[in-house]
Amino acid sequence: MITPVPIIFTVFPRDDGSLNRRLVAALCIPSSFQISPPTPTDSSIRIEDRPGMTVYVLRFGGFAGESAFRAEASRLTCTLGDSAPFQRKQYLCCSYDPPIKPYSRRNEVWFLRDEP
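Counting from 1 along the sequence shown, just add 1054 to a position and that's the residue number in my numbering.
Okay, here's the thing in structure tokens:
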């Protein structure tokens, strides 16, 4: 069985909750290529080695666009409350399924935990 990996968008919310148009998209490199990943031929694409991170996650289904991710981010914010140590200037929106998959879709909102 293949473990699904998400397409991850880093978003930067404005004070009113809407998202800035600046997005950062990321894909996980399959483990068989991680030791020596292929070199991108497009200069706007770069390979990053991201350190481990701890995240607060809210999983939800359906076709997720900006409004769905904003609503779920708001719900996660309310669930965590004011005292939870997470970064509020950015969060991650994750989609695990191809656009042609019509049902049982998996999406997640990730809040990066602030380390003490």
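Beta carbons: idealized from backbone N, C-alpha and C, even for Gly.
Every value quoted in this text rests on a predicted model; they were computed, and no experiment measured them.
Reducing DSSP to helix, strand and coil, say where ARG1113 ends up.
strand
Per DSSP, what kind of secondary structure is ALA1080 in: helix, strand or coil?
strand
Alpha carbon to alpha carbon, how far is VAL1163 from ALA1080? Give it in angstroms, no decimals.
14 Å
Assigned secondary structure, PHE1087 (DSSP; H/G/I helix, E/B strand, else coil)
helix
Cα-Cα separation between ASP1103 and PRO1084, rounded to whole angstroms:
13 Å
Answer yes or no: do TYR1150 and VAL1065 have a C-beta to C-beta separation smaller than 9 Å?
no
Mark LEU1077 as exposed unless 16 or more other C-beta atoms lie within 10 angstroms of its C-beta, in which case mark it buried.
exposed
Are the CB atoms of ARG1068 and ALA1118 nearer to each other than 9 Å?
no
Can you give the Cα-Cα distance for LEU1073 and TYR1157, rounded to whole angstroms?
26 Å
Taking Cβ to Cβ, would you say PHE1087 is nearer than 9 Å to ALA1127?
no
Have a look at ALA1122 and LEU1130 and give me their C-alpha separation to the nearest angstrom.
12 Å
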